[in-house]
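Numbering (this note's numbering), first residue to last: 31 to 534. For every residue, glycine included, the Cβ atom is placed at its ideal position computed from N, Cα and C. Remember, predicted model here, so these are calculated numbers, not experimental data. Remarks on the structure that follows.
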Amino acid sequence: MQLLLAYQREKTNPKTSLNPKKFIMKNGNQIKRERMKTKIFIILMLISANSFASEKNFVGCWIGKIDILRQVLSIKICLDVDSSKKLTGKIDIPQQNAYGLKLSNISCSKDSIWFDLIANVMNVAKFSGRISNPGTEKAFISGSFWQMGMVGTFELEPFIEEQEDTLQSIPIHEEEVAIRNGEVQLAGTFTRLSEQKKYPLVIFISGSGKQDRDENIFGFKIFKMISDRLVRNGYATLRMDDRGTGGSTEIPGTSETIFDFASDIEAAIEFLKTRDDVDTTAIGLLGHSEGAIVAFVVASKRQDIGFVISMAGPTVRGDSLIVEQIRIQMLGQNAPDSLIQETLNQQREIYNIVRNNGDFERAQQILLQQAKKQLEFYPEEISSQISKTMIERNIQLQLESMRSDWFRTFIDTDPLIYIEKVQCPILFLFGELDTQVPAKLNAERINHLRKKPGIKIKIVPKANHLFQKARTGYTYEYPILPKKFAQGFFESIEMWMKSIMKQK
Numbered sequence: 031m032q033l034l035l036a037y038q039r040e041k042t043n044p045k046t047s048l049n050p051k052k053f054i055m056k057n058g059n060q061i062k063r064e065r066m067k068t069k070i071f072i073i074l075m076l077i078s079a080n081s082f083a084s085e086k087n088f089v090g091c092w093i094g095k096i097d098i099l100r101q102v103l104s105i106k107i108c109l110d111v112d113s114s115k116k117l118t119g120k121i122d123i124p125q126q127n128a129y130g131l132k133l134s135n136i137s138c139s140k141d142s143i144w145f146d147l148i149a150n151v152m153n154v155a156k157f158s159g160r161i162s163n164p165g166t167e168k169a170f171i172s173g174s175f176w177q178m179g180m181v182g183t184f185e186l187e188p189f190i191e192e193q194e195d196t197l198q199s200i201p202i203h204e205e206e207v208a209i210r211n212g213e214v215q216l217a218g219t220f221t222r223l224s225e226q227k228k229y230p231l232v233i234f235i236s237g238s239g240k241q242d243r244d245e246n247i248f249g250f251k252i253f254k255m256i257s258d259r260l261v262r263n264g265y266a267t268l269r270m271d272d273r274g275t276g277g278s279t280e281i282p283g284t285s286e287t288i289f290d291f292a293s294d295i296e297a298a299i300e301f302l303k304t305r306d307d308v309d310t311t312a313i314g315l316l317g318h319s320e321g322a323i324v325a326f327v328v329a330s331k332r333q334d335i336g337f338v339i340s341m342a343g344p345t346v347r348g349d350s351l352i353v354e355q356i357r358i359q360m361l362g363q364n365a366p367d368s369l370i371q372e373t374l375n376q377q378r379e380i381y382n383i384v385r386n387n388g389d390f391e392r393a394q395q396i397l398l399q400q401a402k403k404q405l406e407f408y409p410e411e412i413s414s415q416i417s418k419t420m421i422e423r424n425i426q427l428q429l430e431s432m433r434s435d436w437f438r439t440f441i442d443t444d445p446l447i448y449i450e451k452v453q454c455p456i457l458f459l460f461g462e463l464d465t466q467v468p469a470k471l472n473a474e475r476i477n478h479l480r481k482k483p484g485i486k487i488k489i490v491p492k493a494n495h496l497f498q499k500a501r502t503g504y505t506y507e508y509p510i511l512p513k514k515f516a517q518g519f520f521e522s523i524e525m526w527m528k529s530i531m532k533q534k
């Protein structure tokens, strides 16, 4: 549209078209010329209007992904039309913690769109896409992406905001609590219905990495939403910030392990047992991912745990879990089978080095070899952009992580040892499409427990690691999926909890 308007300004004579008093009609040819000008002007106006109609095909929010260098980034793009009928837009890249970045040079035709993301003069990301099924729920934009000599692809589909169903508002009691565990003070939220009585209680335990009490992952407040549902079903809940997050403190210079987190939960249990609004015979633990391992550890040595809910909790040893994660990730990147097998064998060698505090120079060599192998599968114009310094820095970061107490403990911990010692009922929930704690691998390892009273193993259809309804289950989808649990997730928890509470 901008080019057409520029053309219109150049072809219009301001001395005649803008000042009728100076217009002199000399003959019939002049009339013909003026009629032709009028037709051209009308045609241009129609083209301009059609262009605006084309822009309507793109107005709104879109979610999707960028695929570049065998890496996938989730994106959300919102487009609108300003007062001058020009497209404006912003982009979110949650995995890079980048939100509301302005898009520039946006233009479109009936079925195509172009726009730039300008970081600086030397760093411009250019997008060029085509739309299919415009104006429908099946609309889809796909195209190419260029940045600093690197080439990739992108895909977008309409973003439909779906909110988790809210239950009827009822009076609740919510309070901030502080729990001391040695040198650490844990901050949390205790929630129950407003009626003063003793409530069965659920303590939430988050997965790996520093999480807040809501377990807020890309805006999906997992624990807050589950807590809300449980409270309305007559339970009290305790959600805590992890060490070093939110209002919780940490011990500087330390690398906490699963067993440190377990001691935090035990401190919370002792705190809760002093309250007159908690049924101390019905204190349960809900752990997500690594948090489920923490729950198993705590419940394996205490008789005062009423039940455990494991959300995507690993049942295999940490090193086996990571190897499977890598295998799934490489399959998703269409890596050759030979490279996958070689990489997995090398990973096992690295974990043995870490476990035995062995030759870390050898581990560094393996990681460097892996990086070089992966580069062989990239086009030269892409691999040439990845410097030796970038590779070495990435390897150093991996080695630092592997040397941590947390990593050593994680790869050596076998959750099944603790699971088999737990005497209370356990609900194991897995997501069918989970690529971080794969359902098949982890559910099969505990199949022998199915006949044990109080044990329930449930695979939630089409759910990912966060129990969202997913397409592929890969982590890049997390930010762009609706902040809503997959069908069957809440229902599984509620039905199981009702059944075990009847037995008390």
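Please state if the CB of Ile202 and the CB of Val261 are separated by a distance shorter than 7 Å. Cβ distance < 7 Å, so Val261 and Ile202 count as in contact.
Residue environment, Ala342, which counts as buried when at least 16 other CB atoms sit within 10 Å: Classification for Ala342: buried.
Span of the alpha helix (DSSP H) holding Phe519? That run of the alpha helix (DSSP H) goes Phe519 to Lys532.
Using only the alpha-carbon positions, how far apart do Asp464 and Lys115 sit? Between Asp464 and Lys115, the C-alpha separation is close to 44 Å.
Excluding sequence positions up to five away, which residues of its chain have a Cβ less than 7 Å from the Cβ of Arg392? Excluding sequence neighbours, Arg392 sits near Ile383.
Buried or exposed for Lys168, going by 16 or more other Cβ atoms inside 10 Å? Counting the other Cβ atoms within 10 Å of the Cβ of Lys168 gives fewer than 16, which makes it exposed.
Can the beta-carbon of Thr439 be found less than 7 Å from the beta-carbon of Thr287? Thr439 places its beta carbon less than 7 Å from that of Thr287.
Under 8 Å by Cβ, that's how I've got Arg273 and Val214 pegged, so tell me the actual separation to the nearest angstrom. Between Arg273 and Val214 the beta-carbon gap is near 6 Å, inside 8 Å, which marks them as a contact.
Three-state class that DSSP yields for His203 in the structure shown: Note: His203 maps to strand in three-state DSSP.
Taking the alpha-carbon positions, what's the Gln371 to Met360 distance? Each residue's Cα considered, the two are about 10 Å apart.
Are Gly314 and Gly283 touching if we call contact CB-CB under 7 Å? Cβ atoms of Gly314 and Gly283: not closer than 7 Å.
Alpha carbon to alpha carbon, how far is Lys156 from Lys95? Across the structure, Lys156 and Lys95 are spaced so that their CA atoms are roughly 14 Å apart.
Have a look at the DSSP bridge pairing and note the partners of Gly119. According to DSSP, Gly119 bridges with Leu109.
Quick check on DSSP: helix, strand or coil for His318? If DSSP states are grouped into helix, strand and coil, His318 belongs with the strands.
According to the Cβ coordinates, are Ala292 and Val327 closer than 7 Å? Yes, the Cβ-Cβ distance between Ala292 and Val327 is below 7 Å.
Distance check for Ile441 and Arg378, CA to CA, integer angstroms please. Rounded to whole angstroms, the gap between the alpha carbons of Arg378 and Ile441 is 11 Å.
Secondary structure of Tyr129, DSSP reduced to three states: DSSP places Tyr129 in strand when its eight states are reduced to three.
Taking only runs of the beta strand (DSSP E) that begin and end inside the stretch 210-236, which ones reach a length of at least 3 residues, in chain order? You should have 214-223 and 229-235.
Identify which residue in Ile421, Ser340, Ala365 and Ile136 has its Cα closest to the Cα of Tyr448. It is Ser340 whose Cα lies nearest to the Cα of Tyr448.
Beta-carbon gap between Val308 and Tyr265 smaller than 7 Å: Not closer than 7 Å, so no.
Count the other CB atoms, across all protein chains shown, that sit within 10 Å of the CB of Tyr229; report buried if there are 16 or more and exposed otherwise. Under a 10 Å Cβ-count criterion, Tyr229 is classified as buried, with 16 or more other Cβ atoms of the shown protein chains found around its own Cβ.
Provide the residue span of the alpha helix (DSSP H) that contains Val353, from first to last. Boundaries of the alpha helix (DSSP H) harbouring Val353: Gly348 to Gly362, taken from the DSSP string.
If I'm right that Ile123 touches Ile143 with Cβ under 8 Å, what's the distance once you round it to whole angstroms? The distance from the Cβ of Ile123 to that of Ile143 is about 18 Å, inconsistent with a contact at the 8 Å cut-off.
When you compare each of Ile510, Arg347 and Pro483 to Arg475 by their alpha carbons, which one comes out closest? Of the listed residues, the one whose Cα sits closest to Arg475 is Arg347.
CA-to-CA distance, Lys140 to Cys108, given in whole angstroms: Each residue's alpha carbon lies about 18 Å from the other.
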